[in-house]
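J.:
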Amino acid sequence: MASMAALGIGLVHAPAFAQAASQASAPQNGEERASTSDIVVTGSRIKASGYTAPTPTTVIDETSIQANAQPNIFTTIAQLPSLQGSSGTTVNTFSTSSGQQGLSSFSLRGVGAIRTLTLIDGQRVVGANVTGVPDVSLFPQLLIQRVDVVNGGASASYGSDAVGGVVNFITDTRFKGLKGNIQGGISKYDDNEQVLVQLAAGTSFLDDRAHLVVSGEYANEDGVGGGDWGIGLAGGRDWFKQTSLIDRGVINDGSPRYVLRDYAQAYNYTKYGLITSGPLQGTAFDQNGNPFQFNYGSNGVPARDGTTNVRGCFPGFCLGGDLSGNVDAGRSLQSSIERINTYARLGFDFADNDELYFTFNFGQVKTQNQPVGGMNKPGLTIQCANPFVPASIKAACATAGITSFGYGTSNAALGNTQVNTDRRQYRAVIGAKGQFDFLGTEWSYDNYYERGTNYTDIDVSNILLTNRFNDAINATTLNGAVVCASAAARANGCQPLNIFGGNPSAAALAYIMPENGPRQRTRQTQDVISINISGSPVELWAGPLSIAFGGEYRHEFYRVKADPYGVGTNFQPSEPDYPFDPTLLPGGNNWYAGNYKSGGGAYGVKEAFFEADLPVLNSDALGRANINGAVRVTDYSTSGTIWAWKVGGTWNLPIEGFRLRGVTSKDVRAPNLSELFAAPVTTTLPNFFDPFRGVNVLAIQNSIGNPNLRPETARNTTAGIAFSGASWLPGLSVSFDYYKIKIKDVISSLGAGDIVNLCFQNVRPETCSAFNLNNQQGPNFINVQAFNLASIDTSGFDIEASYQWRQPLGLPGTLTLRGLATHVSKFVTDSGLIGTIPVDSAGVNTGNTPDWKFLAIQSYENEKFSFMIQERWFSDGVLGHQYVVCQPGTCPASTNNHPTIDQNFMPGALYMDIGGTYNVTPQVTAYFKVDNLFDRDPAKSPFFVNPALYDVVGRMYRAGVRFRF
404 MASMAALGIG
414 LVHAPAFAQA
424 ASQASAPQNG
434 EERASTSDIV
444 VTGSRIKASG
454 YTAPTPTTVI
464 DETSIQANAQ
474 PNIFTTIAQL
484 PSLQGSSGTT
494 VNTFSTSSGQ
504 QGLSSFSLRG
514 VGAIRTLTLI
524 DGQRVVGANV
534 TGVPDVSLFP
544 QLLIQRVDVV
554 NGGASASYGS
564 DAVGGVVNFI
574 TDTRFKGLKG
584 NIQGGISKYD
594 DNEQVLVQLA
604 AGTSFLDDRA
614 HLVVSGEYAN
624 EDGVGGGDWG
634 IGLAGGRDWF
644 KQTSLIDRGV
654 INDGSPRYVL
664 RDYAQAYNYT
674 KYGLITSGPL
684 QGTAFDQNGN
694 PFQFNYGSNG
704 VPARDGTTNV
714 RGCFPGFCLG
724 GDLSGNVDAG
734 RSLQSSIERI
744 NTYARLGFDF
754 ADNDELYFTF
764 NFGQVKTQNQ
774 PVGGMNKPGL
784 TIQCANPFVP
794 ASIKAACATA
804 GITSFGYGTS
814 NAALGNTQVN
824 TDRRQYRAVI
834 GAKGQFDFLG
844 TEWSYDNYYE
854 RGTNYTDIDV
864 SNILLTNRFN
874 DAINATTLNG
884 AVVCASAAAR
894 ANGCQPLNIF
904 GGNPSAAALA
914 YIMPENGPRQ
924 RTRQTQDVIS
934 INISGSPVEL
944 WAGPLSIAFG
954 GEYRHEFYRV
964 KADPYGVGTN
974 FQPSEPDYPF
984 DPTLLPGGNN
994 WYAGNYKSGG
1004 GAYGVKEAFF
1014 EADLPVLNSD
1024 ALGRANINGA
1034 VRVTDYSTSG
1044 TIWAWKVGGT
1054 WNLPIEGFRL
1064 RGVTSKDVRA
1074 PNLSELFAAP
1084 VTTTLPNFFD
1094 PFRGVNVLAI
1104 QNSIGNPNLR
1114 PETARNTTAG
1124 IAFSGASWLP
1134 GLSVSFDYYK
1144 IKIKDVISSL
1154 GAGDIVNLCF
1164 QNVRPETCSA
1174 FNLNNQQGPN
1184 FINVQAFNLA
1194 SIDTSGFDIE
1204 ASYQWRQPLG
1214 LPGTLTLRGL
1224 ATHVSKFVTD
1234 SGLIGTIPVD
1244 SAGVNTGNTP
1254 DWKFLAIQSY
1264 ENEKFSFMIQ
1274 ERWFSDGVLG
1284 HQYVVCQPGT
1294 CPASTNNHPT
1304 IDQNFMPGAL
1314 YMDIGGTYNV
1324 TPQVTAYFKV
1334 DNLFDRDPAK
1344 SPFFVNPALY
1354 DVVGRMYRAG
1364 VRFRF
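Residue numbers (my numbering): 404 to 1368.
(1) Hey, how far is the Cα of residue 1216 from the Cα of residue 1328?
(2) What separation, rounded to the nearest whole angstrom, lies between the Cα atoms of residue 1051 and residue 459?
(3) Would you say the segment 1097-1110 touches the segment 1181-1201, given that touching needs at least three Cβ pairs under 8 Å?
(4) Evaluate residue 639 with the Cβ neighbour count: other Cβ atoms within 10 Å of its Cβ, from every protein chain shown; 16 or more gives buried, anything less gives exposed.
(5) Give every residue of the same chain whose Cβ lies closer than 7 Å to the Cβ of residue 892, excluding the five residues on either side of it in the sequence, and list them in chain order.
(6) Out of 886, 596, 909 and 544, which has the shortest C-alpha to C-alpha gap to residue 899?
(7) Is the distance from the Cβ of residue 826 to the Cβ of residue 904 below 9 Å?
(8) I'd like to confirm something about residue 726: is its beta-carbon nearer than 8 Å to some heavy atom of the ligand SAH, or not?
(9) Helix, strand or coil for residue 465? Go by DSSP, reduced to three states.
(10) Where are the beta strand (DSSP E) runs, 3 residues long or more, that stay fully inside the segment 1156-1197, in chain order?
(11) In whole angstroms, what is the alpha-carbon distance linking residue 1045 and residue 1115?
(12) Could you give the C-beta distance for residue 594 and residue 625, rounded to a whole number, given that I count them as a contact under 8 Å?
(13) Ends of the alpha helix (DSSP H) at residue 872?
(14) Which one of 1076, 1031 and 806 has the shortest CA to CA distance from residue 929?
(15) How big is the Cα-Cα spacing for residue 1015 and residue 572?
(16) Going by DSSP in three states, residue 903 sits in which element: helix, strand or coil?
(17) Spatial neighbours of residue 1079 within its chain, please: C-beta separation below 8 Å, excluding the five flanking residues on both sides.
(18) So, helix, strand or coil for residue 591, using DSSP?
(19) Let me know the secondary structure DSSP gives residue 629 once reduced to three states.
(20) Under 7 Å Cβ to Cβ from residue 1021, same chain only, skipping five residues before and after it: list those, please.
(21) Shortest alpha-carbon distance to residue 716 belongs to which of 553, 701, 991 and 1117?
(22) So, at 8 Å on beta carbons, what are the nonlocal neighbours of residue 1222 in its own chain, with the 5 sequence-adjacent residues on each side left out?
(23) Within a Cβ cutoff of 7 Å, which residues of the same chain sit near residue 1228, ignoring the five residues on either side of it in sequence?
(24) Have a look at residue 1196 and residue 1283 and give me their C-alpha separation to the nearest angstrom.
(25) Does the segment 1169-1180 come within contact of the segment 1124-1132, defined as at least 3 CB pairs closer than 8 Å?
(26) Which whole-angstrom value is the C-beta distance of residue 600 and residue 585, which I expect to be below 8 Å?
(27) How would you call residue 450, buried or exposed, if buried means at least 16 neighbouring beta carbons within 10 angstroms?
(28) Take residue 1056 and list the residues in its own chain whose beta-carbon comes closer than 7 Å to its own, dropping the five residues that flank it on each side.
(29) Below 8 Å on the Cβ atoms is my guess for residue 1049 versus residue 1066; work out the distance and round it to an integer in Å.
(30) Does the beta-carbon of residue 504 have 16 or more other beta-carbons within 10 angstroms, so that it is buried, or is it exposed?
(31) DSSP state of residue 822, grouped into three classes?
(32) With 9 Å set as the bound, which would you pick, yes or no: does the beta-carbon of residue 850 sit closer than that to a beta-carbon of chain C?
(33) Compare the C-alpha of residue 838 against each of 488, 831, 677 and 850 and name the closest.
(34) Does the contact criterion of 3 or more C-beta pairs under 8 Å hold for the segment 922-940 versus the segment 954-969?
(35) Determine the direct distance from the alpha carbon of residue 576 to that of residue 836, and round the result to whole angstroms.
(36) Give me the Cα-Cα distance between residue 1336 and residue 1250, rounded to the nearest whole angstrom.
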C-alpha cells in the first residue's frame, strides 16, 4: 500500500512488485505480463503482444500515488529526478502579470513545460495558459491507474512539444464499485491548511456491455501568504536574510564586481518614506509622518550632494541598519489553491472487442498570491511647498535653499496587491477503439475527436494607477483646501495623497487604487481529430512485423481581452468599470503592475505518421532484438511543413535479465499561440538596476509575440542497459540510460538584464532601442521579444534500481528498496548573439538543473500495515558558471561574459519524508504522511528563494482515510 516500488526502472509498464504483497502469483516483470495481452506503450503507437519500446519509461502506479499522500498528484510526479523545472503552487508566486500563478505543469530534462507533452489516456489536453501547457490541477485524479513518464523525444509518435518527453495519465475506464479518499493537512507553522475529498463510482449494465465511471473531487490548500515588512516571513519562518547579489558597478579595480551579501538594505526607499537626495537626504518618516534620521547600514552616511549615493555603502544598498522598508518578505511562499474536478465516462461495447465511448470532465482551479509587500516607488520628486510636508521639513528646505527633494517609499500604507486567478476547463472526447480482421490479420484502431475549452480570468486588486498616484502626491493648497495641483486631474476626481507616513485618506486610496483593478479574460479552444491503426500484417523470421499509421488534425485558438487602462484607450475603448480618464496614458501600461494586453490568434495542424517494429533476432543463442522506427510529417498553417522521425531498438541479451535499448530521433516544437500572437505580457521589476546611473529603478518588462517564428528542432538520443526479472537474482531491477538533447532554433528572449547590459557594455548597440530606464513620458520599460536565435545542448544519465525482498528475515510482508537518480552533465544554452558565449546551467542551483537529483524510497508492507521512508536530495551547486571567483586585490577585469564575484556557492538539500498506512478493515485504510520531517530551510538566494528546487513551506503533516467497496 505504501510501496513506492513502481517508480519505474525504465520498463514500459508497471512492474508486478508495485502490486500488493499478497499477490504472490503475480509475474515479476513487465515482459512476462506483456506476453498475455496487448499493451499500449506511451511513446509509441505500436500495440502488440510482447512489444517493448526503446525509449526509457518510468511508471508510477496507483499504489505509489497513494503512498505519497499529496493533495495534488502533480507533486508526486514532479518529485521524479528527470522532471526538472516543473511549475506548481510555490512557483510564480512572485508575479503579478505572468498569468501562470498556481499553474501546475511538468518539465522534463529541464527544457521547459512547453517542450514536455502532457496527455490523458494518450490524448491531448487544451492548454490552461496561452503558452499551451495544461494545468494538471484540472485533471481528474482519483481514477488515475498509472502515470507513464517517457524520458525521451516522442514527436514522431505524438507530434509537437514532445521534445523533453511525455507524461501520460492513464485512467481506469472499467472501474467497478465505490472508492473515496478524505485527507487533511497542516504545516508546522500552522498554515497551508489542506482539505481533500475524492469520490469515484463505476458500474456496468446492459449485460456488461455498457460501462459508466464517474468521479468528483474537491481540494483546498490555504497556501502560505506574505510575511511582514523587513525580513519576517509568514508563520515565524526565520530563514530569509535579504540576500542580494550587489553590483558594485566597478569592473577593473582588482575587486569583484559582484558581491553576495546578507541583510541588504535598499537605501532609495523606506516603509513610510525617505528623502533620498539633496541636503535633507537621510530623513525618514514614521507611520504618523514624524521625521527621524534613518539608520543606514554599513555605517553609511548620505552624500547630500544631489545624488542618491550613500557613502560607505554599495551602489543601491547598505548592509544591515533599518530593514523595515524591505518588500521581499511580503511575497507569498505558496499560492492558495482551490480546485473542483468532475469526470464521467460512458463506454458501450457494440461488439466483443469494440467500444464506443464518451468522456467529459470539468475542472476549476482558483488561486491567490501576493507578489510582494507594498508598492515601492523610488525616484520621486516632492515639492517643499506640498501641504503634506511636515513643518520642520519645510523649514529645513528654506534653510537649505531648496524647493524640492528626492523621495522614495515602500508605500506600506497602501496595503498589498492580491492576484486572483480562476481557470475553468471543459473537455469532451468521443471515440471508438477496438479490433478488426483484415485479410486474415487482426488490427487495432483508436479514433477520437476531442474538444477542449479553457477560460482563465485574472483579477488584481489593491494596486495603484501610476499617473493617478503621481497626481495625488503632487498636492497644493487652493482656497484654503489641500487639492491636487493638476487642474486636469482635479477635474477627473483627483484626491490628494499624504505620502508622508501611513495614514492616507480613504478618498485618496479610492482614487489611486480604484475598485476595478487590472483584469484579463482569456478563452482557449482545442479541437483534435485523431486516427490510429496498428497491427502485425506479416510474420517474419524473428516474429511478427508490427506497424502503426494514422493521422491527426488539430486546431488551436485563443482570444484574450484586458482592461482599457492596461491596454490603453488607443486600442480599446473605455467602459463603465474603467471610465475614460484623460490623465492616463492612452497607450496603456497605467497600472503599477498587471498591465495585461488584448490579442488573439489561431493555427491549424495536419499530420500523418507511420511507425514500424521489425524483429531481427529471436533465438536462445543470440537473444531477441527489434528495430523500431517512425516518421511523421506535419503541416502548420503558420510555418509550413516539417518532418520528425525516430530510429531505435531493443536487444534482450541471451544472458537472462539483461536488455540493451537505444533510440535517436528528430523532434519538433512549433511556436505556441503566445509566442506567435501574444498579447504583450508585462512584468513589474521593482528593483531593476540601471547601470547607466548606478541606481535601482522601477521598470516594466513587456514580452511581445512574433508571428514569423519557425519550429524548433531537436536531436534526441538515449542509450541504456536494463536488468530485471532474472530467476538467478529475483527481486532486483537496475537500469542505466544515457541521454543527449540538442535543440536548434530555440524560441527564446534575452532577459531584461541582458538587454540592458549588452547595451551598457556596447556589445550589442541595437539592444539600446529596446528599453528606457529614465522615461520622462511614462513608466520605465524593457521590451522583450522572442526569436529563433538560441540553442540548448544538454546531456546526462539516469540510474534506477530497486530490490524487493519478500518475507524479509522471515517476517510476513515485503521490503522494497528503490532509488532513482539523474545526473545532468551539461545544460548549455547559447543565446545566438554575437558577443555572448554559451552558458552552462548544469549545477546552477538558482535554476532547476542541479548536477545530481536523487529520490530514494524504503518501504515495508504486510496485510495489516505499511511504513515508508523517502529521501529527496540534490547536490551542491553554484550561482552561475559564468562567474570568476576572486577576492579583493586579485580580480581580473570583469566582463559581461565573465563577471567577477566574491563567492559562487549554493548548497544542495536533503529532505526526508515518512508515511504509513493501517488497514482498519479490508475496505478501509487510515494513513499518515510527514514531508520535510526535519523542517529543513531553503538555501539563501540572491533572488529571494528558489522554489523550483527548495522546499519553502517547511514540515507538512497529512492524514486521511481511504475506502473502497
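Using N, Cα and C, we set each Cβ at its ideal position, and we do this for glycine too.
T.: Short version:
(1) 17 Å
(2) 11 Å
(3) yes
(4) exposed
(5) 874 and 986
(6) 886
(7) no
(8) Looking for the ligand SAH in the displayed structure turns up nothing, as the structure carries no ligands at all.
(9) helix
(10) 1183-1188
(11) 10 Å
(12) 6 Å
(13) 869-876
(14) 1076
(15) 24 Å
(16) coil
(17) 1004, 1006, 1041, 1108, 1109, 1110 and 1112
(18) coil
(19) coil
(20) 945, 946 and 1027
(21) 701
(22) 1202, 1203, 1204, 1205, 1257, 1258, 1259 and 1260
(23) 1198, 1199 and 1245
(24) 17 Å
(25) no
(26) 6 Å
(27) buried
(28) 1026, 1062 and 1063
(29) 6 Å
(30) buried
(31) strand
(32) You won't find chain C in this structure, because it holds only one protein chain.
(33) 850
(34) yes
(35) 13 Å
(36) 24 Å
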